[in-house]
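Scroll down for the structure; my scribbles are underneath it.
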Amino acid sequence: MKLIIALIQPEKLTDVKAALFAADVHKMTVSNAIGCGQQKGFTETYRGVIQEVNLLKKTRLEIAVNDKF
């Protein structure tokens, strides 16, 4: 048995689920996460103050599959 943990962009969840269902993978755990990576965040103005946002929203997928998969 293998445990696959993937962090994806939230808007890609529907596409990833469709691809997993097509590959006959139906059991998964989905949760919200925040983190930083290659994007390195962005800056935004909130009420006239420039703020740097380092942690971005992600979706965490945990999928358990057989060794033969």
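Each residue of the sequence shown is one higher than the one before, counting from 77 in our numbering. Glycine is no exception: its CB is placed at the ideal position from the N, C-alpha and C atoms.
Option in the options with minimal Cα separation from residue i
i, options, result
"M104", "I139, K78, P86", "I139"
"V106", "K133, V129, D100, L137", "L137"
"A82", "L131, A109, V129", "A109"
"E87", "T119, V125, V129, K133", "K133"
Cβ pair residue i, residue j closer than 9 Å
i, j, result
"I80", "V92", "no"
Close-in-space but distant-in-sequence residues of the same chain around residue i (CB under 6 Å, 5 per side omitted)
i, result
"L89", "T135"
"F97", "none"
"V141", "K78"
Cβ-based neighbour list, residue i, same chain, cut-off 7 Å, excluding 5 preceding and 5 following
i, result
"V101", "I139, V141"
Cβ shell of residue i (< 8 Å), same chain only, five flanking positions each side left out
i, result
"L131", "I110, G111, C112, G117"
At 3 residues or longer, and completely inside the stretch 94-127: list those beta strand (DSSP E) runs for me, N to C. With a minimum length of 3 residues, the continuous beta strand (DSSP E) runs that stay inside the stretch 94-127 are 104-111, 118-122.
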